[in-house]
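Going down the list, the sequences are from chains A and B.
The working numbering applies: residue 1 is where the first sequence begins, and numbers increase by one.
The working numbering applies: residue 1 is where the second sequence begins, and numbers increase by one.
No residue lacks a Cβ here, since even glycine has one placed at the ideal position from N, Cα and C.
To keep things clear, I will list the structure first and then write my remarks on it.
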Amino acid sequence: MDELALKVDHVGIRFNLSEQKVDNLKEYVIKLLKRELRYHEFWALRDVSFEVKKGDRVGILGLNGAGKSTLLKIIAGVLKASEGSVTTWGKIVPLLELGAGFDKQYTGAENIYLYGAVLGYPKSFIKERFDEIVEFSELGDFINVPLKNYSSGMKARLGFSIATIVEPEILILDEVLSVGDAKFRKKSEKRIKSMFDKGVTVLFVSHSLQQVRSLCNRAIVLEKGRLVADGGIDEVTEFYEKKIES
Amino acid sequence: MRRVFENFKKYRFLLVELIKKDIKLKYRNSYLGLLWTLLEPLLMMLVLTLVFSGSLGRGDRLYPIYILTGRLLYTYFSTTTKSALKSIRSNSGMIKKVYVPKYMYPVSSVISGYVIFLLSLIVLIAVGAVLKVKPTIYIFQAIVPLTLLFVMTLGVSLILATLAVFFRDLEYLWTVALMLIMYASAIFYHVEDLNKPHIEAALKLNPLYALILNFRNSVLYGKPLDMEAVVIAAVFGLLSVIVGGYMFYKNQDKFILHI
């Protein structure tokens, strides 16, 4: 089991802070004429490299603003790194923003197809699993009601049911999912656990050291966009604990 | 190039879904639904005919068709470019959270608009039948301006979608530009009536007018295509697709930082 699932190679991402504010022509021209169009460069991540083997469960630790979510977004392909490269092997399922592709005017059933398409699943596959998705989401007759009438818990349940219908090779989790009510949470945890048992590779971001300890076998620590620790779960969490206290 | 193609194959179902969504949601919750696709141009034609038939229309019996042919092509171009211009920002929620090929958004607007446009051509057939226009063999050449219209709209949409991410003012500028394009497209007046040959020549440089001219030649007048106009529209259309595709491709990774 030495096959790689993910390789992050000297990844860095730069944001131009002031550039983000100039979004109209007038401001742009004025600033250009005044020669004020200088950008504040800000590296949210710099020179981050690590490899993840198949079946590894990696916890990503770091304070707010350390670049954890940015890193996950780069791995999921939402953001593109300014330098370096990310290579992945196998199907990634990012359980980051459930239901990001939902349309409010569409019914639940229509959204299953739409969101499935957003995640890149083929139509035949969704058709096959449609009943299973509906059943798992426990929406019952609400599946034919426009999404704007759903509660937030119902939306999250639907999103979770669609996203986890595939068997991913790499699973990306941002905090442990707290989807729906206690009953559904148990069910969703069970589904994720069963993915774990099948040897899925996991990237897991959390602020709770306890959760990271119980789920992961490896961890990395980010600080101000740089990788400062990488190794076995015990030594890294110990290192991180000391860091927080100091 | 191969990667782009493979990625398209993976996400082509998304394109279909986005097109379906555009069409389905356009008239959802309106009582007449998709019927508006036909009613809207019909009513617009009636209004313009009422207002202008005596003066600009020269009392021509076929004036309603003259208006309709111009109006239908212009409406497709204007509504589609307007929605494509906004497409990246209006889908920012999705773009920020999941990976999808970003060209899907403007391209799906262009295609869904085209489907609705083709449906609305039914009105033209109906009005033609009522006013007893005899279709000639030349009607088949309408496929040339109709295809070029799609190409041109696609190219312009890609350019606008890219620029609008960086400059929001473009939305308002484009509304004004569209008005100019409308008056320069001879939708409800006859170019010959202007009696100014140099203006007539200048108007033909407007690719949209070049398309409308050839569309009228095909379906209304039963005349062969004006080749000069075909060339103008084709050159402009292809150029805009190349420029637009290149601009979009080069800038798409920066979109997320600006929306």
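Could you tell me the boundaries of the beta strand (DSSP E) in which residue i lies?
i	result
residue 10 of chain A	4-16
residue 101 of chain B	Here residue 101 of chain B belongs to no beta strand (DSSP E), and DSSP marks it neither H nor E.
residue 94 of chain A	92-95
residue 257 of chain A	Chain A is shown only over 1 to 246; residue 257 of chain A falls outside these bounds and no answer can be derived.
residue 205 of chain A	201-205
residue 58 of chain A	57-61
For the alpha helix (DSSP H) containing residue i, list its first residue and its last residue.
i	result
residue 244 of chain A	233-245
residue 22 of chain B	2-26
residue 46 of chain A	Per DSSP, residue 46 of chain A belongs to no alpha helix (DSSP H); it is in the beta strand (DSSP E), 41-53.
residue 233 of chain B	227-251
residue 191 of chain A	182-197
residue 219 of chain A	Note, residue 219 of chain A: premise wrong, no alpha helix (DSSP H); beta strand (DSSP E) at 218-223.
residue 48 of chain B	36-52
residue 76 of chain A	68-76
residue 28 of chain A	25-33
residue 212 of chain A	209-215
Going by C-alpha distance, which of the options is nearest residue i?
i	options	result
residue 122 of chain A	B:109, B:11, B:73 and B:60	B:11
residue 118 of chain A	A:99, A:134 and A:204	A:99
residue 288 of chain A	A:10, A:53 and A:41	The first residue shown for chain A is 1 and the last is 246, placing residue 288 of chain A beyond what the model contains.
residue 252 of chain B	A:80, A:56 and A:48	A:80
residue 83 of chain A	A:244, A:41 and A:14	A:14
residue 70 of chain A	A:103, A:194 and A:223	A:223
residue 161 of chain A	A:170, A:241, A:61 and A:143	A:143
residue 169 of chain A	A:159, A:9 and A:57	A:57
residue 132 of chain B	B:57, B:224, B:55 and B:61	B:61
residue 42 of chain B	B:119, B:154, B:201 and B:223	B:119
residue 182 of chain B	B:79, B:170, B:36 and B:32	B:79
residue 26 of chain A	B:73, B:148, B:170 and B:24	B:170
residue 152 of chain A	A:137, A:193, A:218 and A:166	A:137
residue 261 of chain B	B:124, B:32 and B:156	The requested residue 261 of chain B does not occur in the structure, where chain B is confined to residues 1 to 259.
residue 299 of chain A	A:216, A:242 and A:166	Residue 299 of chain A cannot be examined here, being either before or after the span of chain A that is shown, 1 to 246.
residue 171 of chain A	A:183, A:201, A:189 and A:163	A:201
residue 67 of chain A	A:232, A:44 and A:48	A:44
residue 242 of chain A	A:62, A:183 and A:28	A:62
residue 244 of chain A	A:64, A:189, A:32 and A:198	A:64
residue 249 of chain B	B:106, B:130, B:72 and B:81	B:106
Taking 7 Å as the limit between beta carbons, can you name the residues of its chain near residue i, skipping five residues before and five after?
i	result
residue 52 of chain B	188
residue 209 of chain B	184, 185, 186 and 203
residue 14 of chain B	100 and 104
residue 256 of chain B	95 and 96
residue 154 of chain A	139 and 142
residue 166 of chain A	91, 93 and 121
For residue i, collect the residues of the same chain with a Cβ closer than 6 Å to its Cβ; drop the 5 residues on either side in sequence, then sort them by chain order.
i	result
residue 229 of chain A	221, 236 and 239
residue 19 of chain B	108, 111 and 112
residue 175 of chain A	206
residue 114 of chain B	150
residue 173 of chain A	95 and 204
residue 279 of chain B	Residue coverage of chain B in this structure runs from 1 to 259, which leaves residue 279 of chain B outside it and unanswerable.
residue 83 of chain B	109
residue 89 of chain A	5
residue 91 of chain A	168 and 169
residue 195 of chain B	none
To which residues of the same chain is residue i closer than 8 Å at the C-beta, ignoring the five residues directly before and after it?
i	result
residue 122 of chain B	38
residue 74 of chain B	181, 182, 185, 187, 208 and 212
residue 258 of chain B	165 and 166
residue 11 of chain A	45, 47, 48, 49, 71, 74, 81, 83, 84, 85 and 86
residue 193 of chain B	56 and 58
Worksheet item: Are three or more beta carbon pairs between the stretch 63-82 of chain B and the stretch 234-251 of chain B nearer than 8 Å?
Response: No contact exists between the stretch 63-82 of chain B and the stretch 234-251 of chain B.
Worksheet item: Do three or more CB pairs link the stretch 167-177 of chain B to the stretch 93-105 of chain B at distances below 8 Å?
Response: Contact between the stretch 167-177 of chain B and the stretch 93-105 of chain B is absent, because fewer than three Cβ pairs lie under 8 Å.
Worksheet item: Taking the runs of the alpha helix (DSSP H) that are 4 residues or longer, which of them lie wholly in the stretch 97-170 of chain A?
Response: Correct list: 108-118, 123-137 and 152-163.
Practice prompt. Specify whether the stretch 158-170 of chain B and the stretch 239-249 of chain B touch according to this definition: at least 3 beta carbon pairs, one from each stretch, less than 8 Å apart.
Written response: The stretch 158-170 of chain B makes contact with the stretch 239-249 of chain B, as at least three CB pairs between them are under 8 Å.
Worksheet entry | Runs of beta strand (DSSP E) wholly within the stretch 60-89 of chain B (minimum 3 residues, chain order) | Within the stretch 60-89 of chain B, complete beta strand (DSSP E) segments of at least 3 residues are not found at all.
Worksheet item: If you scan the stretch 156-241 of chain B from start to end, which runs of the alpha helix (DSSP H) of 4 or more residues do you find wholly inside it?
Response: Complete alpha helix (DSSP H) runs here, min 4: 170-183, 197-204 and 207-216.
Worksheet item: For the 8 Å Cβ check, are there 3 or more pairs between the stretch 136-152 of chain B and the stretch 41-58 of chain B?
Response: No, because fewer than three Cβ pairs between the stretch 136-152 of chain B and the stretch 41-58 of chain B fall closer than 8 Å, the two stretches do not touch.
Item to complete: For the stretch 145-154 of chain A and the stretch 100-112 of chain A, state whether three or more C-beta atom pairs, one from each stretch, are separated by less than 8 Å.
Response: In short, these stretches touch, since the Cβ pair count reaches three.
Worksheet item: Which runs of the alpha helix (DSSP H) spanning at least 4 residues fall entirely within the stretch 107-137 of chain B, listed in chain order?
Response: If we require 4 residues or more, the stretch 107-137 of chain B turns out to have no alpha helix (DSSP H) run fully inside it.
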